[in-house]
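Trainee: This is the structure I want to talk about, given as structure tokens.
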Amino acid sequence: MEKIIIGGLLSFIITLLAIPAIIQIAKMKKLYDVPDDWKIHHTPVSSLGGVGIFAGFLIAFLLLSDLAPRVHGFPFYIAAFVVVFFFGVKDDIW
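Residue numbers (this note's numbering): 139 to 232.
Below, the structure written as structure tokens:
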């Protein structure tokens, strides 16, 4: 139980630290979503925020990998998350 709490806190801290850096990179590379009539937001929004969230999530998952023998299909969950992540990045960039 303690390891799960530490993994969750580590995931939160990594995400909290990564998002501002990723937003700066997105601004430098001009990777942001510009609002139009179909968008809810009224100012440009970074398209790469999910990268920071995924990094925190993946690190927490890997930290808990010693619990993997108790979770049937653990490597497949990791593989599925990576595939969904790359589809999301592709969708955000194009």
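Ideal Cβ positions, reconstructed from N, Cα and C, are used throughout, including at glycine.
As the structure is a prediction and not an experimental result, all values here were calculated from the model.
1) Could you pull out every unbroken alpha helix (DSSP H) segment of at least 4 residues lying fully inside the region 177–213, listed in chain order?
2) Excluding the five sequence neighbours on either side, which residues of its own chain have a C-beta within less than 8 Å of the C-beta of VAL227, listed in chain order?
3) Opposite ASP171 in the DSSP bridges: which residues?
4) The ligand PLP heavy atoms versus the CB of ILE191: any closer than 7 Å?
5) What is the DSSP secondary structure of MET166, counted as helix, strand or coil?
6) I'd like to check one pair, ALA156 with ALA217: are the Cβ atoms closer than 8 Å?
7) So, is THR153 buried or exposed, given that buried needs 16 or more other C-beta atoms within 10 angstroms?
8) Classify ILE160 as buried or exposed, calling it buried when 16 or more other Cβ atoms lie within 10 Å of its own Cβ.
Mentor: To lay it out plainly:
1) Fully contained in the region 177–213 are the following alpha helix (DSSP H) runs of length 4 or more, in chain order: 187–201.
2) By one-based count along the sequence shown, residue 227 stands at place 89. When the five nearest sequence neighbours on each side are left out, the beta carbons in the same chain lying within less than 8 Å of the beta carbon of VAL227 are those of LEU186, GLY188 and VAL189, in order along the chain.
3) Within the sequence shown, the letter at position 33 stands for residue 171. Answer by DSSP bridge pairing, in chain order: VAL183.
4) As for the ligand PLP, it is missing from this structure, which has no ligand bound.
5) Locating residue 166 in the sequence shown gives position 28, counting from the first residue. Note: MET166 maps to helix in three-state DSSP.
6) Reading the sequence shown from its first residue, position 79 is the one you call residue 217. Reading the sequence shown from its first residue, position 18 is the one you call residue 156. By the CB criterion at 8 Å, ALA217 and ALA156 fall outside the cutoff.
7) Position 15 of the sequence shown, counting from 1, holds the residue named residue 153. Burial call: buried.
8) Mapped onto the sequence shown, residue 160 falls at position 22. Buried is the call here.
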